[in-house]
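Chemist: A single structure is presented below for examination.
Number of protein chains: 2
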Amino acid sequence: MTNNKYNWAILGTGKIASIFASDLKLLPNANLYAVGSRSIGLAKEFASKHVFQKAYGSYEELVADPAVDIVYVASPHVKHYGNSLLCLNNGKAVLCEKPVAMNEQQFRMMIDSAKKNKVFFMEALWTRFIPSFIKCKELIEEGAIGDIKLIESDFCFKAIYDIEGRLFNPLLGGGALLDIGIYPVFLALQLSGKPISIKAFALKADTGVDSACSMLFKHSDNALSVLFCSLINDGQTEAFIHGTEGTIHIKSMWHMSSVVDLIREGEETVHFQFIKPGIGYQYEATEVMKCLDEGKIESSIFSWQNSLDLISTLDAIRKEAGISYPKEIEKL
Amino acid sequence: MTNNKYNWAILGTGKIASIFASDLKLLPNANLYAVGSRSIGLAKEFASKHVFQKAYGSYEELVADPAVDIVYVASPHVKHYGNSLLCLNNGKAVLCEKPVAMNEQQFRMMIDSAKKNKVFFMEALWTRFIPSFIKCKELIEEGAIGDIKLIESDFCFKAIYDIEGRLFNPLLGGGALLDIGIYPVFLALQLSGKPISIKAFALKADTGVDSACSMLFKHSDNALSVLFCSLINDGQTEAFIHGTEGTIHIKSMWHMSSVVDLIREGEETVHFQFIKPGIGYQYEATEVMKCLDEGKIESSIFSWQNSLDLISTLDAIRKEAGISYPKEIEKL
Numbered sequence: 027m028t029n030n031k032y033n034w035a036i037l038g039t040g041k042i043a044s045i046f047a048s049d050l051k052l053l054p055n056a057n058l059y060a061v062g063s064r065s066i067g068l069a070k071e072f073a074s075k076h077v078f079q080k081a082y083g084s085y086e087e088l089v090a091d092p093a094v095d096i097v098y099v100a101s102p103h104v105k106h107y108g109n110s111l112l113c114l115n116n117g118k119a120v121l122c123e124k125p126v127a128m129n130e131q132q133f134r135m136m137i138d139s140a141k142k143n144k145v146f147f148m149e150a151l152w153t154r155f156i157p158s159f160i161k162c163k164e165l166i167e168e169g170a171i172g173d174i175k176l177i178e179s180d181f182c183f184k185a186i187y188d189i190e191g192r193l194f195n196p197l198l199g200g201g202a203l204l205d206i207g208i209y210p211v212f213l214a215l216q217l218s219g220k221p222i223s224i225k226a227f228a229l230k231a232d233t234g235v236d237s238a239c240s241m242l243f244k245h246s247d248n249a250l251s252v253l254f255c256s257l258i259n260d261g262q263t264e265a266f267i268h269g270t271e272g273t274i275h276i277k278s279m280w281h282m283s284s285v286v287d288l289i290r291e292g293e294e295t296v297h298f299q300f301i302k303p304g305i306g307y308q309y310e311a312t313e314v315m316k317c318l319d320e321g322k323i324e325s326s327i328f329s330w331q332n333s334l335d336l337i338s339t340l341d342a343i344r345k346e347a348g349i350s351y352p353k354e355i356e357k358l
Numbered sequence: 027m028t029n030n031k032y033n034w035a036i037l038g039t040g041k042i043a044s045i046f047a048s049d050l051k052l053l054p055n056a057n058l059y060a061v062g063s064r065s066i067g068l069a070k071e072f073a074s075k076h077v078f079q080k081a082y083g084s085y086e087e088l089v090a091d092p093a094v095d096i097v098y099v100a101s102p103h104v105k106h107y108g109n110s111l112l113c114l115n116n117g118k119a120v121l122c123e124k125p126v127a128m129n130e131q132q133f134r135m136m137i138d139s140a141k142k143n144k145v146f147f148m149e150a151l152w153t154r155f156i157p158s159f160i161k162c163k164e165l166i167e168e169g170a171i172g173d174i175k176l177i178e179s180d181f182c183f184k185a186i187y188d189i190e191g192r193l194f195n196p197l198l199g200g201g202a203l204l205d206i207g208i209y210p211v212f213l214a215l216q217l218s219g220k221p222i223s224i225k226a227f228a229l230k231a232d233t234g235v236d237s238a239c240s241m242l243f244k245h246s247d248n249a250l251s252v253l254f255c256s257l258i259n260d261g262q263t264e265a266f267i268h269g270t271e272g273t274i275h276i277k278s279m280w281h282m283s284s285v286v287d288l289i290r291e292g293e294e295t296v297h298f299q300f301i302k303p304g305i306g307y308q309y310e311a312t313e314v315m316k317c318l319d320e321g322k323i324e325s326s327i328f329s330w331q332n333s334l335d336l337i338s339t340l341d342a343i344r345k346e347a348g349i350s351y352p353k354e355i356e357k358l
């Protein structure tokens with residue numbers, strides 16, 4: 027720890043790692059310190075592009091560096107479990123990309139490790155920290171739309187079909203649900219709690235992963251969620267929260283939106299506009315450093331219980347829709 | 027029959043009956059001839075307002091009038107079966123409000139009666155004949171959006187909760203699914219055929235009817251539908267048809283829309299705008315008269331098979347979501 031300025035490391039050099047690094051530069055208390063990759067060439071290229079001080083050709087070297095405070099785990103889904111454990115067992119705070127693990131069992135082991143090592147751990151559910159989403163939660167808590175009755179949300183884009191790529195490869199944990207469907211599921215859980223009942227269908231790509239997934243939740247508070255995701259067609263990627271007294275519309279793309287509309291019958295629609303520097307990954311990074319400042323190993327804003335609810339709901343959806351992965355990537 | 031000008035009668039004097047009468051006036055070959063109600067007072071009031079020639083205080087008198095060519099059955103859902111049979115058995119062509127019956131068994135008896143009596147019969151699924159919907163079907167048939175992958179549609183409005191009124195009264199066949207959910211279900215069936223599998227949830231009003239219903243269809247052509255309806259919150263009442271090559275957006279309120287957008291990646295959105303005189307009930311009325319001109323007892327555009335698919339799908343949704351009615355209104 028460096029007087030409340032933190033040395034960040036990034037594990038992985040993919041697209042998200044790059045966007046995250048750009049957003050991290052917006053934070054004065056974040057030092058872009060190290061990057062680790064299984065390829066020293068990729069690590070050096072990434073470090074050079076984003077001006078990191080160190081580049082490591084293995085994750086083991088990265089976590090062995092005593093100057094690293096926080097590791098952002100940005101490897102493919104199937105590696106989150108192993109990579110996070112490596113960091114936690116080496117005393118590094120971890121911000122791990124979503125989904126936090128391939129299943130609930132893996133995540134429970136990760137929590138155990140964070141507790142045992144007394145190290146901070148959080149799933150990188152960045153939408154939770156975006157100002158537009160926070161506004162949406164505030165409006166609901168203030169009663170602006172009455173009781174929630176129907177949550178409607180999707181996340182769709184037409185991806186290039188590449189069987190070697192991450193999105194359609196079962197060995198890399200590909201598929202629509204875990205990659206993008208997680209966002210609408212997160213929304214429903216945040217606003218109406220864990221569902222008491224789940225129904226779902228999936229379409230399958232030739233590789234066996236889900237190319238699209240549709241989901242219905244019934245919540246204990248007498249509300250429904252209607253959610254879907256797809257990698258084979260474009261969509262709105264919007265969210266509507268319909269209540270007894272009005273509707274909140276989080277505009278496209280809702281998971282990183284700058285605009286929230288409050289629509290109430292007989293009233294003029296209220297537009298909430300947010301000026302968001304960068305893409306929005308900096309807000310979750312700020313939360314990590316705030317927690318470390320306060321000596322916490324868990325965020326109260328996106329807690330382990332939040333992640334547990336999310337991953338166990340994803341497990342339940344997979345069971346209901348028949349989405350499965352090779353055993354070797356689900357093991358502990 | 028009166029030289030291709032037809033004497034229309036309306037059975038029922040409710041809101042839809044009134045709107046239908048207004049639209050009927052737009053058609054030169056439609057003669058607003060008679061109205062029948064269980065109350066002679068209401069019949070006379072309706073006839074006076076809409077300038078019908080005859081007002082009858084019973085449905086039996088209405089169908090006994092030899093000058094009546096076509097009866098538009100606009101009574102509550104639970105009466106469609108009995109009222110339509112009365113008309114058909116008296117040799118009157120019937121346009122029956124949706125849902126055509128309370129269940130598949132009732133509808134099969136209605137078809138039998140139309141066949142036996144050699145009389146025209148059609149469900150008043152007016153959206154099928156609206157120019158914007160026809161355009162949507164044409165665009166899909168031309169391949170404008172490639173293969174359909176996801177159909178997304180809702181029908182929502184916050185109704186006044188009145189346990190005596192039609193919408194929430196189980197004895198009148200109330201509930202969201204049969205009244206408004208039928209439209210999204212119709213859309214999915216029209217565009218992707220009868221689903222091979224259905225999942226659904228319902229929320230219940232105190233009266234026992236469904237106040238909201240969410241539905242997922244899996245179609246044989248490897249497509250999904252995500253549908254919902256609600257009487258307890260406002261909603262978009264829009265339809266999106268997402269294909270491999272683009273999206274068709276039927277704008278709110280989609281079931282009677284004047285605007286269809288064709289959205290394709292890298293191309294400017296194409297807006298199709300339709301000038302629609304009246305509300306749009308006249309298009310289905312035109313189809314009835316066209317069929318009679320041609321001596322048909324069934325429309326090929328919205329056929330008995332279309333209605334059978336629709337009512338049997340509604341039956342399946344009800345079973346899946348636990349929506350039931352008192353036995354006396356489902357009987358034959």
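Residue numbers (my numbering), protein chains in the order written: chain A, 27 to 358; chain B, 27 to 358.
Glycine is no exception: its CB is placed at the ideal position from the N, C-alpha and C atoms.
Please read these numbers as outputs of a predicted model, since none were measured by experiment.
Answer with yes or no whether the minimum CB distance from S218 of chain B to chain A is below 8 Å.
Modeler: Looking up residue 218 of chain B in the second sequence gives position 192. False, the Cβ-Cβ gap to chain A never drops below 8 Å.
Chemist: Is it buried or exposed for H297 of chain A, if we count other Cβ within 10 angstroms and need 16 for buried?
Modeler: Position 271 of the first sequence holds residue 297 of chain A. Exposed.
Chemist: List, in order along the chain, the chain A residues whose C-beta lies closer than 9 Å to that of S278 of chain B?
Modeler: Reading the second sequence from its first residue, position 252 is the one you call residue 278 of chain B. What S278 of chain B touches in chain A: nothing, since even the nearest Cβ is about 12 Å away.
Chemist: Nearest-angstrom Cα distance between G40 of chain B and F212 of chain A?
Modeler: Against the second sequence, residue 40 of chain B aligns to sequence position 14. Against the first sequence, residue 212 of chain A aligns to sequence position 186. Distance between the alpha carbons of G40 of chain B and F212 of chain A: 44 Å.
Chemist: Name the residues in the region 254-283 of chain B whose C-beta lies less than 8 Å from a C-beta of chain A; which are they?
Modeler: F254, S256, I258, N259, D260, G261, Q262, F266, H268, G269, T270, G272, T273
Chemist: Beta carbons nearer than 7 Å to chain B: which residues of the region 289-300 of chain A have them?
Modeler: The residues in question are E291.
Chemist: Give the residues from the region 215-240 of chain B that approach chain A closer than 8 Å (Cβ to any Cβ), ordered along the chain.
Modeler: S223, K225, A226, F227, L229, A238, S240
Chemist: For a test of the three-state rule: what should DSSP assign to L151 of chain B, helix, strand or coil?
Modeler: Within the second sequence, numbered from 1, the residue matching residue 151 of chain B stands at position 125. Coil, per DSSP.
Chemist: Residue range of the alpha helix (DSSP H) that N332 of chain B falls in?
Modeler: Translated into positions along the second sequence, residue 332 of chain B becomes position 306. Where N332 of chain B is concerned, the enclosing alpha helix (DSSP H) stretches over 330-347.
Chemist: May I ask you to report which of helix, strand or coil DSSP gives L37 of chain B?
Modeler: The residue you call residue 37 of chain B lines up with position 11 of the second sequence. L37 of chain B falls in the strand class under three-state DSSP.
Chemist: Assign K70 of chain A to one of three DSSP states: helix, strand, or coil.
Modeler: As a first step, residue 70 of chain A is located in the first sequence; it is residue number 44 there, counting from the start. Correct three-state label for K70 of chain A: helix.
Chemist: Which of helix, strand or coil does DSSP assign to A214 of chain A?
Modeler: Against the first sequence, residue 214 of chain A aligns to sequence position 188. A214 of chain A falls in the helix class under three-state DSSP.
Chemist: Using a Cβ-Cβ cut-off of 6 Å (strictly less than) and excluding sequence neighbours within five positions of S251 of chain B, which residues of its own chain qualify?
Modeler: To locate residue 251 of chain B, count along the second sequence from 1; it is residue 225. I177, A214, F243, listed in sequence order.
Chemist: Can you tell me which residues form a DSSP beta bridge with C122 of chain A?
Modeler: Locating residue 122 of chain A in the first sequence gives position 96, where the first residue counts as 1. Note: C122 of chain A sits in a beta bridge opposite A:V99, A:E149.
Chemist: If the cut is a Cβ gap below 8 Å, which residues of chain A does K345 of chain B touch?
Modeler: Taking the first residue of the second sequence as position 1, residue 345 of chain B is located at position 319. Per Cβ cutoff of 8 Å: no residues; K345 of chain B is ~14 Å from chain A at best.
Chemist: Within its chain, find whatever has a CB closer than 6 Å to the CB of E130 of chain B; leave out the 5 residues flanking it on each side and keep chain order.
Modeler: As a working note, residue 130 of chain B is residue 104 in the second sequence. Correct list, in chain order: I337, S338, D341.
Chemist: Closest to I305 of chain A by CA distance: which of A:E354, A:W280, A:V235, A:S350 is it?
Modeler: By 1-based counting over the first sequence, the position of residue 305 of chain A is 279. It is A:W280.
Chemist: Of all the options A:S48, A:G67, A:S283, A:F147, which has the alpha carbon lying nearest to the alpha carbon of Q331 of chain A?
Modeler: Along the first sequence, read from residue 1 onward, the residue named residue 331 of chain A stands at position 305. Minimum Cα distance to Q331 of chain A is reached at A:F147.
Chemist: Excluding the five sequence neighbours on either side, which residues of its own chain have a C-beta within less than 6 Å of the C-beta of S179 of chain B, listed in chain order?
Modeler: Working through the second sequence from its first residue, we reach residue 179 of chain B at position 153. P210, L213, L253, A265, listed in sequence order.
Chemist: Hey, how far is the Cα of N143 of chain B from the Cα of T233 of chain B?
Modeler: Here the question's residue 143 of chain B lines up with position 117 in the second sequence. Here the question's residue 233 of chain B lines up with position 207 in the second sequence. Cα-Cα distance, rounded: 39 Å.
Chemist: Using a Cβ-Cβ distance cut-off of 8 Å, determine whether N248 of chain A contacts chain B.
Modeler: Start at 1 with the first residue of the first sequence, and residue 248 of chain A comes out as number 222. Cβ-Cβ to chain B under 8 Å: yes for N248 of chain A.
Chemist: Enumerate in chain order the residues of its own chain whose CB-to-CB distance from S240 of chain A is below 7 Å, with the five nearest sequence positions on each side excluded.
Modeler: Indexing the first sequence from 1 puts residue 240 of chain A at position 214. A226, F227, F254, listed in sequence order.
Chemist: Anything in chain A within Cβ reach of K244 of chain B, meaning under 7 Å, just list it in chain order.
Modeler: In the second sequence, counting from the first residue as 1, residue 244 of chain B sits at position 218. The contacting residues are F227.
Chemist: Look up S237 of chain A in the DSSP assignment and say whether it is helix, strand or coil.
Modeler: Numbered from its first residue, the first sequence carries residue 237 of chain A at position 211. Residue state, collapsed to three classes: strand.
Chemist: Specify the secondary structure class of T312 of chain A as computed by DSSP and reduced to three states.
Modeler: Residue numbering aside, residue 312 of chain A sits at position 286 when the first sequence is read from its first letter. In this structure, T312 of chain A counts as helix in the three-state DSSP scheme.
Chemist: Once the 5 residues before and after R192 of chain A are set aside, which same chain residues still bring their CB inside 7 Å of it?
Modeler: For the purposes of this step, residue 192 of chain A is identified with residue 166 of the first sequence, where counting begins at 1. For R192 of chain A, where only same-chain residues beyond five positions count, the Cβ hits under 7 Å are P102, L198, G200.
Chemist: Give me the residue from A:I274, A:S278, A:S284 with the minimum Cα distance to K163 of chain A.
Modeler: Within the first sequence, numbered from 1, the residue matching residue 163 of chain A stands at position 137. Among A:I274, A:S278, A:S284, the Cα nearest to that of K163 of chain A is on A:I274.
Chemist: Tell me whether the beta-carbon of L53 of chain B lies closer than 8 Å to the beta-carbon of V99 of chain B.
Modeler: Counting from 1 along the second sequence, the entry for residue 53 of chain B is found at position 27. Counting from 1 along the second sequence, the entry for residue 99 of chain B is found at position 73. Going by C-beta atoms, L53 of chain B is not nearer than 8 Å to V99 of chain B.
Chemist: Does DSSP classify E178 of chain A as helix, strand or coil?
Modeler: What you label residue 178 of chain A is simply residue 152 of the first sequence in a count that begins at 1. For E178 of chain A, the three-state secondary structure derived from DSSP is strand.
Chemist: Exposed or buried, V120 of chain B, counting other C-beta atoms within 10 Å across all chains shown (16 or more means buried)?
Modeler: In the second sequence, the residue the question calls residue 120 of chain B occupies position 94. Counting Cβ neighbours within 10 Å, V120 of chain B comes out buried, since at least 16 surround it.
Chemist: Here's the rule I'm using: 16 or more other beta-carbon atoms within 10 Å means buried, otherwise exposed. How should T28 of chain B be labelled?
Modeler: As a working note, residue 28 of chain B is residue 2 in the second sequence. For T28 of chain B, the pLDDT reaches just 43, beneath the cut-off of 50, and the residue's location in the model is therefore unreliable, although a value from the coordinates is still provided. When all chains shown are included, T28 of chain B counts as exposed.
Chemist: Could you compute how far the alpha carbon of G62 of chain A sits from the alpha carbon of E310 of chain A?
Modeler: Numbered from its first residue, the first sequence carries residue 62 of chain A at position 36. Numbered from its first residue, the first sequence carries residue 310 of chain A at position 284. The straight-line gap from Cα to Cα measures roughly 21 Å.
Chemist: Which stretch, first to last residue, makes up the beta strand (DSSP E) that contains S251 of chain A?
Modeler: On the first sequence, position 225 is the one that residue 251 of chain A refers to. Start and end: 249-256.
Chemist: Y32 of chain B bridges to which residues according to DSSP?
Modeler: In the second sequence, the residue the question calls residue 32 of chain B occupies position 6. Under DSSP, Y32 of chain B forms a beta bridge with B:A56.
Chemist: So, helix, strand or coil for M27 of chain B, using DSSP?
Modeler: The count along the second sequence starts at 1 and reaches residue 27 of chain B at position 1. With a pLDDT of only 41 at M27 of chain B, under the threshold of 50, the placement of this residue in the model should not be trusted; the figure read from the coordinates follows. Here M27 of chain B sits in coil by DSSP.
Chemist: Along the chain, where does the beta strand (DSSP E) containing S223 of chain A start, and where does it finish?
Modeler: Within the first sequence, the letter at position 197 stands for residue 223 of chain A. Its beta strand (DSSP E) spans residues 223-230.
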